[in-house]
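K.L.:
Quick note, the sequence shown lines up with residues 0 to 399 if you use numbering that gives the first Met the number 0. No residue lacks a Cβ here, since even glycine has one placed at the ideal position from N, Cα and C. In this text the structure is predicted, and so the values were computed from the model without any measurement.
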Amino acid sequence: MTEQEKARLLSADVQAFLQAHATDDPARLLLQAPPHPDWPMRLVVQQLQARQKARHKLPTWYATPGILFPVGRSVEQASSERTAAFKASRVSGDLLVDLTGGFGVDSSFFARSFARVVSVEADGELSALAAHNGAVFGQCNIAWHSGPAETFLPTLDAAPDCIYLDPDRRPDRLHSRVVSLEDARPDVVSWLPALLERAPRVLIKASPLLDLPRALLQLRTVTQAWVVAVANECKEVLLLAERQATEPRIHAVHLTGEATEETFTFTFAEEAATEVTLAAPQRYLYEPHAALLKAGAFRTVGQRYGLAKLHPNSHLYTSQTLVPDFPGRRWEVGAVTTLNKKALHAHFPEGRAHVLTRNFPLSPEHIRKKLKLGESDTRSLIATTNPAGKPIVVVGTPLR
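1. Closer than 6 Å by C-beta to VAL394: which residues in its own chain qualify, once you throw out the five before and the five after it? Chain order, please.
2. Does the Cβ-Cβ distance between VAL392 and LEU306 come in under 8 Å?
3. Assuming THR222 and ALA244 are in contact, meaning their beta carbons sit under 8 Å apart, how far apart are those beta carbons, in whole angstroms?
4. Between LEU216, LEU28 and LEU94, which lies nearest to GLN45 when the distance is taken from Cα to Cα?
5. Applying the 10 Å Cβ sphere with the 16-neighbour rule, what's the burial state of HIS288?
6. Cα-Cα, which of HIS131, ARG282, GLY137 and ARG197 is closest to LEU321?
7. Can you give, in chain order, each stretch of the alpha helix (DSSP H) that sits fully within the region 199-241 and has at least 4 residues?
8. Kindly indicate which residue of SER106, PHE102 and ALA77 has the alpha-carbon position closest to the one of SER88.
9. Relative to the alpha-carbon of LEU380, which residue among ALA387, LYS389, LEU343 and GLU349 has its alpha-carbon at the smallest distance?
10. Just checking: is the beta-carbon of THR299 within a distance shorter than 8 Å of some beta-carbon in chain D?
11. Given 8 Å as the limit, is there contact between the region 100-117 and the region 189-198, that is, 3 or more CB pairs closer than that?
12. Could you check which residue in GLN18, ALA19, ALA21 and VAL43 has the C-alpha nearest to that of LEU30?
13. Buried or exposed for GLU475, going by 16 or more other Cβ atoms inside 10 Å?
14. Between the Cα of ASP160 and the Cα atoms of ARG7, VAL96 and ALA271, which residue gives the shortest distance?
15. For ILE203 and VAL90, what's the separation of their Cα atoms in angstroms?
16. For PHE263, which beta-bridge partners are listed by DSSP?
17. For LEU173 and GLN302, what's the separation of their Cα atoms in angstroms?
18. Using the C-alpha atoms, what's the distance from ILE366 back to GLY327?
19. To the nearest angstrom, how far is the alpha carbon of VAL304 from that of THR259?
20. Which partner residues does ASP105 have in the DSSP bridge list?
21. For ARG399, is the classification buried or exposed, using 16 other Cβ atoms within 10 angstroms of its Cβ as the cut-off for buried?
22. Considering only their Cβ atoms, is the gap separating VAL119 from HIS144 smaller than 8 Å?
23. Taking the straight line between their C-alpha atoms, what separation do you get for LEU385 and ALA15?
24. For ARG367, list the residues DSSP reports as bridge partners.
25. If we call anything under 8 Å between Cβ atoms a contact, is TRP38 one with VAL13?
26. Using the Cα positions of THR336 and ALA214, report the straight-line distance between them to the nearest angstrom.
27. Do THR317 and PRO280 have their C-beta atoms within less than 8 Å of each other?
28. Near PRO311, what residues of its chain come up, given a Cβ to Cβ distance below 8 Å and the 5 sequence neighbours on each side ignored?
29. Please report the straight-line C-alpha distance between LEU155 and ALA198, rounded to a whole angstrom.
30. Decide if LEU402 is buried, meaning its Cβ has at least 16 other Cβ atoms within 10 Å, or exposed.
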């Protein structure tokens, strides 16, 4: 994007066009004649596409006049405002160096918890857009640098309090995303010792599919890990490495509202030492939220809340009395039966249920088709396995 094109995109008439057509089909607009002959219509439509992707993920960027968005996958790869604000609340100090600046979302939030931020991005155009947007937001405490992180770090005179990296998980830009730390770029597994010589803390953002126990063994100096879910969907894993290694504390975090979070903290040593109790479904049924399931606190969560597990591999829990603050979903059990169409008809007379399967041989779609069930948000059919290893169906009412 040239400076002339950038200026045209920022002109009042183009900005008004983007506002007026905020929800229109970009492909259809591209086929129409531009409102003015000098409009870079392809870039205008690309801005519209990016804005539509950012509307819920980056509402401040979306709502602020004069913001420019990158073309391609950078908006998709960027942290959401919700997760960026969370990670910025985990660290603070005088100077943070973001070695994978990208579109600048994380750098922008780190600038609220550090006196100074240096944001480094290898893509010069992306770095320029991030710097432009930083100026629009009036963030004067961020220095933007374009170039490879590996060559920038040796030139840094100041000693950072923290270094942040979000390695590229699609480094060749052709194939599917990678999950392991060593396959992403930069390779933080091999680079971490050198990074810790420059800063006492290194914060790493990793894939939500990361094998967490393996990553902790690889990095060795991680003291804290956060598995972060938003609206019960796991979004990212954060790893904080420090010079003095300790037993890593694992935090399963569920960001549930605009400023609300549920956090469950444990260690893998605690999990391994915890005994699990098995029981058939009682009056209440529970399923941990996505971050807890990803973190692997299967035994610890049951022990902490006084719950029994239905089966070692089901990750469903039960109790006779309600645990109102359980970190996850809760149901009141109406019946326990088998996957029999005639028997289940009495429990779902309207032919509607939300179907879940946990440690069960059939998929929800198969069961829904077999029983000819529509969707429901007031009644649930949970197909699972009991302590004896037998398939069962729990009829439940969701508790808010």
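P.N.:
Working from what's here:
1. Cβ-Cβ distances below 6 Å link VAL394 to GLY333, ALA334 and HIS346 in the same chain, with the five nearest sequence neighbours on each side left out; the list follows chain order.
2. No. Outside cutoff.
3. Going by Cβ atoms, the distance from THR222 to ALA244 rounds to 7 Å, so yes, they are a contact pair.
4. It is LEU28.
5. Burial call: buried.
6. ARG282 is the residue among HIS131, ARG282, GLY137 and ARG197 whose C-alpha sits nearest the C-alpha of LEU321.
7. Fully enclosed alpha helix (DSSP H) runs of 4 or longer: 211-218.
8. Here the closest residue by C-alpha is SER106.
9. For LEU380, the nearest C-alpha among the options comes from LEU343.
10. Protein chain content of the structure displayed is limited to a single chain, and chain D is not contained in it.
11. With a cut-off of 8 Å on Cβ pairs, the region 100-117 is not in contact with the region 189-198, counting fewer than three such pairs.
12. The residue among GLN18, ALA19, ALA21 and VAL43 with its C-alpha nearest the C-alpha of LEU30 is VAL43.
13. With the chain covering only 0 through 399, there is no way to say anything about residue 475.
14. Selected option, being the one with the closest Cα: VAL96.
15. Distance from the CA of ILE203 to the CA of VAL90, rounded to the nearest whole angstrom, comes to 12 Å.
16. Residue pairing of PHE263 in beta bridges, as defined by DSSP: ALA251.
17. Low per-residue confidence applies at LEU173: pLDDT is 45, beneath 50, and the placement is therefore not dependable, though the value from the model is reported in the following sentence. So the two alpha carbons sit approximately 45 Å from each other.
18. Per the coordinates, the alpha-carbon of GLY327 lies some 24 Å from the alpha-carbon of ILE366.
19. The sequence shown places Tyr at residue 304, rather than the Val named in the question. For the pair TYR304 and THR259, the Cα-to-Cα distance works out to about 21 Å.
20. Beta-bridge pairing links ASP105 to no other residue.
21. ARG399 is exposed by the Cβ-count criterion.
22. In this structure, VAL119 lies closer than 8 Å to HIS144 by Cβ.
23. The sequence shown places Asn at residue 385, not Leu. CA-to-CA, the gap between ASN385 and ALA15 works out to about 60 Å.
24. None; ARG367 has no bridge partner.
25. Yes, Cβ-Cβ distance for TRP38 and VAL13 is below 8 Å.
26. Taking the straight line joining both Cα atoms gives about 41 Å.
27. For the 8 Å CB-CB criterion, THR317 and PRO280 form a contact.
28. If the five residues before and after PRO311 are omitted, its C-beta is found closer than 8 Å to the C-beta atoms of VAL275 and LEU277, all from its own chain and listed in chain order.
29. Spanning the two alpha carbons is a distance of roughly 12 Å.
30. Limits of the chain in this structure are 0 at one end and 399 at the other, which puts residue 402 out of reach.
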